[in-house]
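As numbered in the UniProt record's numbering, the sequence shown has no gaps in its residue numbers, which increase by one up to the final residue, 154.
Every residue gets a Cβ at the ideal spot worked out from N, C-alpha and C, and that includes glycine.
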Amino acid sequence: MNATDATDAMITIDRLGPDDREVWERHFRDYIDFYGRTEGPEMYDRAWKEFQDDTRLHARAARLDGRLVGFTHFLVHPSTSGPDVCYLQDLFTQPEARGKGVARALIAAVAEWARSEGCDRVYWNTQESNSTARHLYDKVARNTGFIRYQIDLP
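See below:
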């Protein structure tokens, strides 16, 4: 998938390749830091292996003029009330690339992929306070009003 923004920078979306590991992990660590989490190296290794397998967990890279500047991670799961659904779990754009259409292109690529896989919908969560991301999300998706609850299991 290719898109051009107002500054004529070319955005391409494709799979993460073996040569992307170092840059992807640096960006993923920034994403994890943003949410105040700490993860060990085994989590990054496990995720990378899953993304390279591209069977259970999927990832796409956003490249701005050929440089990896963002990513998304997503998965498909069954739904009790209809066809499978796609959960967009992680979305990150490098700060210098924000406002150039990168996140919008990543979301569109996941939606296109999910449609081709027969999914009924794509959905994701974000923090209520993440106003920058929500500004975009309100333009590309419908806020369903759900509130998320979670039980952390040791």
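In this structure, DSSP gives isoleucine 151 a state outside helix and strand, which the three-state scheme calls coil.
For arginine 60, the closest alpha carbon among the candidates Ile32, Tyr35, Thr80 and Ile11 is that of Ile11. For aspartate 138 and phenylalanine 28, the gap between their C-alpha atoms comes out near 24 Å.
Annotation for alanine 62: no alpha helix (DSSP H) segment contains it, though the beta strand (DSSP E) segment containing it runs 57 to 64. For threonine 93, the enclosing beta strand (DSSP E) starts and ends at 82 to 93. Around the beta carbon of isoleucine 13, 16 or more other beta carbons sit within 10 angstroms, so the residue counts as buried. Rounded to the nearest angstrom, the gap between the Cα atoms of threonine 93 and aspartate 20 is 15 Å.
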